[in-house]
Amino acid sequence: MAHLLIVEDDELLRDGLCAQLAQAGHTVTGASDGAQAQALLDGTRFDAVILDLGLPVVDGMAVLRWVRKRLATLPVLILTARDGVEDRVEGLNAGADDYLTKPFDMAELKARLQAMLRRSRMPAFGGSMEMPAGNARLRVDAQLPRAWLGDEPLELTQREWELLSLLVANAGQVVSREDVFSAWQSESAEGAGMGSNALEVYVHRLRRKLADSGLNIRNVRGLGYMLENATP
Ligand code: CA
696 MAHLLIVEDD
706 ELLRDGLCAQ
716 LAQAGHTVTG
726 ASDGAQAQAL
736 LDGTRFDAVI
746 LDLGLPVVDG
756 MAVLRWVRKR
766 LATLPVLILT
776 ARDGVEDRVE
786 GLNAGADDYL
796 TKPFDMAELK
806 ARLQAMLRRS
816 RMPAFGGSME
826 MPAGNARLRV
836 DAQLPRAWLG
846 DEPLELTQRE
856 WELLSLLVAN
866 AGQVVSREDV
876 FSAWQSESAE
886 GAGMGSNALE
896 VYVHRLRRKL
906 ADSGLNIRNV
916 RGLGYMLENA
926 TP
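Counted the way the working numbering counts, the sequence shown spans residues 696 to 927.
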């Protein structure tokens, strides 16, 4: 799952958020003011930040601007007690990925967090990635969205494309089944309903389309899948 930083000066709310998100399987670190958050961000790699705007010492908006200068792609969800439209607009303009107005529903926070994490694992919008594939290159373009093997376009369904881009973005690392299901926008129950068998089918189809490319989708037993370059 993800390593999350929760920055909130309201102790009760912070503890509640930390407990709920830890229960959802995340690793969670709490900070009670903006300076503490900056110190933590300096020393630790986080997957996402939940950031209150009204904070002591260094306020949330200053932390957000600071984050954007240093960690351009770190997903940030802002929490604001202020329900003024200007605060939300200012937050989004300063680089927040999403926001929630207090009081918020925990289920909604979890859903938005999940969506934010899913987007951050996908290639950046408009971006393209490529990697060596035998004597050619595999190229994945997030904007179109299309993929090519050398000069040949790969005929992929939406799900196959999402699976492939997730594997390319994490080439050489294991992508878990949960990562794939969340990339497919399935909530966990639905994802489980779809089952590992369906995922196996997609992986099998993708393997066939990548045949002779020198790329191999390895089944890492019990963990997930890994895209690797099989050519020596
Ligand atoms: Ca506050």
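Note that the Cβ used here is the ideal one computed from N, Cα and C, for glycine as well. Since the model is a prediction, treat every value here as computed from it, not as a measurement.
Assignment of beta-bridge partners to Val896 by DSSP yields no partner. Going by C-alpha positions, Ile912 is about 40 Å away from Ala726.
His899 sits exposed, since fewer than 16 C-beta atoms from the chains shown fall within 10 Å of its C-beta. By the criterion of at least three beta-carbon pairs nearer than 8 Å, the segment 825-838 is not in contact with the segment 794-813.
DSSP lists Leu772 as the bridge partner or partners of Asp793. By the criterion of a C-beta distance shorter than 6 Å, Gly755 is surrounded in its chain by Leu746, Asp747 and Leu748, once the five residues flanking it on both sides are discounted. The shortest CA-to-CA distance from Leu849 to any of Pro770, Leu804 and Arg903 is the one to Arg903. Ligand 1 has a heavy atom closer than 7 Å to the beta-carbon of Leu750.
Three or more Cβ pairs drawn from the segment 766-774 and the segment 785-800 lie within less than 8 Å of each other, which places the two stretches in contact.
Assignment of Asn788 by DSSP, reduced to helix, strand and coil, places it in the helix class.
DSSP, read as helix, strand or coil, puts Asp704 in coil. The DSSP-derived three-state label of Gly711 is helix. Glu923 carries a strand assignment under DSSP once its states are collapsed to helix, strand and coil. The C-alpha of Ile701 lies about 7 Å from the C-alpha of Cys713.
If you check the CB distance, Arg763 and Gly786 do not come in under 8 Å. By the Cβ-count criterion, Gly729 is buried, with 16 or more other Cβ atoms from all chains shown falling within 10 Å of its own Cβ.
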